[in-house]
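A.B. asks:
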Amino acid sequence: MGDLIGDGASWLAGVQKSHVSRLVDYVTPGGTIEDVAATIGAIGQPVEQAGAMNLLAQTREFIIDAADLTIDDAVIVPQRGHQIKDTDDEGTVHIYQVCAPGDSGDVWRWGDGSFIRRIIHTTRIGTE
Amino acid sequence: MAELKPDIMRLADAVVAELNSVTTWPLPFIAKRKLLVEQTIEELETVHVFVVPEGMEAERLDRKQFTRDHRISIGVMRRLKATPTDTEIGQIVELVEQIVDRLTNTTHRLTIDAETGLAATVTGFEWDPVYWPPHLRQFNQVSCVPILAWQFYR
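So the protein sequences, as listed, match chains A and B.
Here the working numbering = 1-based position in the first sequence + 5.
Here the working numbering = 1-based position in the second sequence + 21.
1. Do the segment 55 to 71 of chain A and the segment 57 to 66 of chain B touch if we need at least three Cβ pairs shorter than 8 Å?
2. With DSSP collapsed to three states, give me the class of residue 53(A).
3. Please report how far the alpha carbon of residue 34(A) lies from the alpha carbon of residue 155(B), in whole angstroms.
4. Are any of the Cβ atoms in chain A nearer than 9 Å to that of residue 50(B)?
5. Do the CB positions of residue 121(A) and residue 14(A) come within less than 9 Å of each other?
6. With residue 71(A) as the anchor, note down where its beta strand (DSSP E) starts and where it stops.
7. Taking all protein chains shown into account, do 16 or more other C-beta atoms lie within 10 angstroms of the C-beta of residue 126(B), making it buried, or fewer, making it exposed?
8. Go ahead and pull the three-state DSSP assignment for residue 22(A).
9. Compute the Euclidean distance between the alpha carbons of residue 110(B) and residue 97(B), then round it to the nearest angstrom.
10. Counting contacts by CB-CB distance shorter than 9 Å, is residue 57(A) in contact with chain B?
11. Closer than 7 Å by C-beta to residue 123(A): which residues in its own chain qualify, once you throw out the five before and the five after it? Chain order, please.
12. For residue 64(B), I'd like the list of residues in its chain whose CB is within less than 7 Å of its CB, leaving aside the five on either flank, ordered along the chain.
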C-alpha cells in the first residue's frame, strides 16, 4: 500500500494551488521570486499593548509550496524581514513583512504532514 | 462657556510643547497629546511620540495637605526594517533617554500657566521594560514607554 495520506495531502495541495491561489512576489535580500502561487490563510487584527499605547496590526498567512521558493536552485526558507508583495484587483501593491506572531518566534510552519507547503506569517506594512 | 481642561491634560499639553520646542533631538519627531493611542504599525516608519495622561496618585502629608502625583506616559515608537540591529534600537533608546533627561532635569520647571504661575516638576519616573520585546519580536517595532510623575507648584 502506498502513502495514502501523503498522496492525499499532495493532491489537496495541488488543488489548492491551482484553484484557490493568487500570484504574489516573494522578496528577499538576495532577490525576488516573481509570480509565486500563494493561498491566503488566516487573517487577523491583533492589538498589542505597550502600557497605554495600543499597536494595531493586520496579519495574514500566505500558504506557499516550499518547492516554489527557490533562487538559483537554492531553497529559500522564510525569515524575518522578507516581504510578500500582493497586488489587489485595483492594481494596488500591498506589502507584507514576514514576522513572528505570538510567543513562538517562528515565522513559518509546515502546512501539512508531508512538508509540501509552508504557512508563512506576515504583517502588513504598507503599499507601494 | 469656557473650555474646561483638567490639570493633567494641561500638563500633557505643556509636555508636548516642551518636547516640540527642542530642535536638536537625535531623531526628528513631532510629539502629540493623545487620550487614546491606537496606532497602526504601517504608520510607524518614522519616530512617533505620544504624550498620554496616565493617572493620578495622592498621599496625605498631614491633616491638611495631600501631595498629588500626575502620571504622564510618553510613548516613543518606530518600526524598523527587517531584523533590527543593536545600533538602530540604540538610537531610539538614546532618544528616549534624552527626552527623560530633559524632563527630569532638576533645575527645570515646566510652566503650565504663565499667568497664574502654575508649574510642574518631575518627582520620579518608571521606564520598564526599556522596550517591549513582543513588539520587537513580532513586528520589528521598537516601543518605549517611560512614565513620569509630576507635582504642581505655584
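Virtual Cβ for every residue (Gly too), placed ideally from N, Cα, C.
C.D. replies: Let me lay it out:
1. Three or more Cβ pairs drawn from the segment 55 to 71 of chain A and the segment 57 to 66 of chain B lie within less than 8 Å of each other, which places the two stretches in contact.
2. strand
3. Put simply, the backbone Cα of residue 34(A) is about 24 Å away from that of residue 155(B).
4. Residue 50(B) has a beta carbon lying at 9 Å or more from every beta carbon in chain A.
5. yes
6. Where residue 71(A) is concerned, there is no enclosing beta strand (DSSP E), given that its DSSP letter is neither H nor E.
7. Residue 126(B) should be labelled exposed.
8. Note: residue 22(A) maps to helix in three-state DSSP.
9. 12 Å
10. yes
11. 69, 71, 83, 113, 115, 116
12. none
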